[in-house]
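Okay, so here's the structure we're looking at.
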Amino acid sequence: MKKMKFFGLFLLTLIILVAGLCWAVSTSIDDMIKGTIQQKMAALTKTEVTLSDLETDLLGGRIVIKDLVIANPKGYHGDYLVRLGDVQVLIDIRSLNSGAIIIESIQLNEVDVVIEEKSIGQINIKALIDTVESADLQPEPIDLLRFRLMSYAVAESTLHLIGGPLTDKTLSLPGVERQSNLGSPIALPLKGVVKGLIQEVMKEILKEGQGAMKDSFTQSFTKGFTQKIGTLGSPPVNLKVKIQKIKKVIEKELPPLNLPPLPFLP
Numbered sequence: 021m022k023k024m025k026f027f028g029l030f031l032l033t034l035i036i037l038v039a040g041l042c043w044a045v046s047t048s049i050d051d052m053i054k055g056t057i058q059q060k061m062a063a064l065t066k067t068e069v070t071l072s073d074l075e076t077d078l079l080g081g082r083i084v085i086k087d088l089v090i091a092n093p094k095g096y097h098g099d100y101l102v103r104l105g106d107v108q109v110l111i112d113i114r115s116l117n118s119g120a121i122i123i124e125s126i127q128l129n130e131v132d133v134v135i136e137e138k139s140i141g142q143i144n145i146k147a148l149i150d151t152v153e154s155a156d157l158q159p160e161p162i163d164l165l166r167f168r169l170m171s172y173a174v175a176e177s178t179l180h181l182i183g184g185p186l187t188d189k190t191l192s193l194p195g196v197e198r199q200s201n202l203g204s205p206i207a208l209p210l211k212g213v214v215k216g217l218i219q220e221v222m223k224e225i226l227k228e229g230q231g232a233m234k235d236s237f238t239q240s241f242t243k244g245f246t247q248k249i250g251t252l253g254s255p256p257v258n259l260k261v262k263i264q265k266i267k268k269v270i271e272k273e274l275p276p277l278n279l280p281p282l283p284f285l286p
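Just so you know, my numbering puts 199 at position 179 of the sequence shown, and the rest follows in order with no gaps.
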C-alpha cells in the first residue's frame, strides 16, 4: 500500500515537473518569437512595431499574435498606421522536416487602419509600402530555412481618415481572402514571405480605401449639391428670351441696321 502511494506521488511529481518544464519552454519560445517579430518588423518597416502577447501551440502548428501595432512612418502624426487585434498563423507541422515549411494560412483580425494625408500625394500607407519595398535586411541564420505561404485573409477593416477632403471620416472595408503564391514555386526565407505579405495587404487596403473614399466623396458632394439646388428659388427668365424681345423692339422702332451676327442669337 505504501509502495503504491509512493509510486502515485512519484508519478504526480513527475507530471508536474514535465508540465512545468513544458510551460517554461513554451514561455521561453513565446518570448523569443515575440522579440524576434518586433525587431524584424521594425527593421523592415523603419517604424516602431509592438505586440502585447504571443501564444504558440507547437503540436497544433498554431501561432496567435495579440494586439500587433505598426506605428506611423516618420513625418506623420497619428498614433499608429495599423492595429491588428490578433493574427493567427497556421503551419503544417508535417512540413517542418521538408525543404520548405508550409504556412497554410495567416488570418488578420480586428483590423484598424489610419490613413493620413500629409499633403497631396503623400499618404502614410504609401510611404510604408515604399519603405518595405526598398528594405534590404541583413542575412541571418534563420534565412537558411525556406517558407511557402498558401493563403491569407483580412477580416472586415475599419478605416480612419486624417487630412485631405474626407478628414475625420470613418469607413468600413469588406474582408478579403486570397490565395498566395509567396514562396511558390521557389520557397523564400521568412523575411521574404513577411515582406511580400505586408506589401500585398497594404496595397489591398490602399486600393479598397481609395475606392471607399471616392464613393464617399461622390455621395457627399452629390448630397450637398442636391440640397443646395433645393434651397434655390425659381430660375430667372432666360437671358436669351430677353435679348430676343429687345431685338424685336429695335427692329420695329428703328431703321434697319446691318449688325454683325451675335454668337448667342440665331
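C-beta atoms are modelled at their ideal positions from N, C-alpha and C, and glycine is treated no differently.
The model shown is predicted, which means the values in this text are computed figures rather than measured ones.
Please say whether residue j and residue i have beta carbons closer to each other than 9 Å?
i, j, result
"residue 86", "residue 98", "no"
"residue 107", "residue 129", "yes"
"residue 145", "residue 225", "yes"
"residue 71", "residue 83", "no"
"residue 80", "residue 124", "no"
"residue 69", "residue 57", "yes"
"residue 218", "residue 157", "no"
"residue 112", "residue 76", "no"
Take residue i as the anchor and find which of the options has the nearest alpha-carbon.
i, options, result
"residue 140", "84, 49, 71, 182", "182"
"residue 136", "73, 212, 217, 179", "179"
"residue 89", "61, 78, 110, 79", "61"
"residue 121", "76, 55, 110", "110"
"residue 206", "58, 222, 80, 165", "165"
"residue 161", "214, 189, 117, 209", "209"
"residue 132", "194, 198, 49, 220", "194"
"residue 197", "126, 95, 54", "126"
"residue 175", "118, 96, 214, 221", "221"
"residue 93", "115, 117, 138", "138"
"residue 163", "212, 116, 115", "212"
"residue 227", "177, 188, 189, 215", "177"
"residue 231", "113, 191, 95", "191"
"residue 114", "147, 78, 95", "78"
"residue 184", "49, 214, 134", "134"
Could you pull the start and end residues of the beta strand (DSSP E) that residue i belongs to?
i, result
"residue 92", "No beta strand (DSSP E) contains residue 92, which DSSP labels as neither H nor E."
"residue 208", "Neither: residue 208 is in no beta strand (DSSP E) and is coded neither H nor E."
"residue 197", "196-199"
Based on DSSP bridge pairs, tell me the residues matched to residue i.
i, result
"residue 180", "134, 190"
"residue 168", "122"
"residue 70", "89"
"residue 115", "Answer is none; residue 115 lacks a bridge partner."
"residue 226", "According to DSSP, residue 226 bridges with nothing at all."
"residue 83", "76, 109"
"residue 174", "128, 196"
"residue 104", "88, 131"
Under DSSP, the alpha helix (DSSP H) around residue i begins and ends at which residues?
i, result
"residue 153", "144-154"
Any beta-carbon of chain C closer than 9 Å to the one on residue i?
i, result
"residue 155", "Judged by its chain identifiers, the structure shown contains no chain C, having just a single protein chain."
Please determine if the stretch 152-169 and the stretch 58-66 are in contact, where contact requires at least 3 C-beta pairs separated by less than 8 Å. yes
Does the stretch 198-206 touch the stretch 159-171, meaning 3 or more C-beta pairs lie closer than 8 Å? yes
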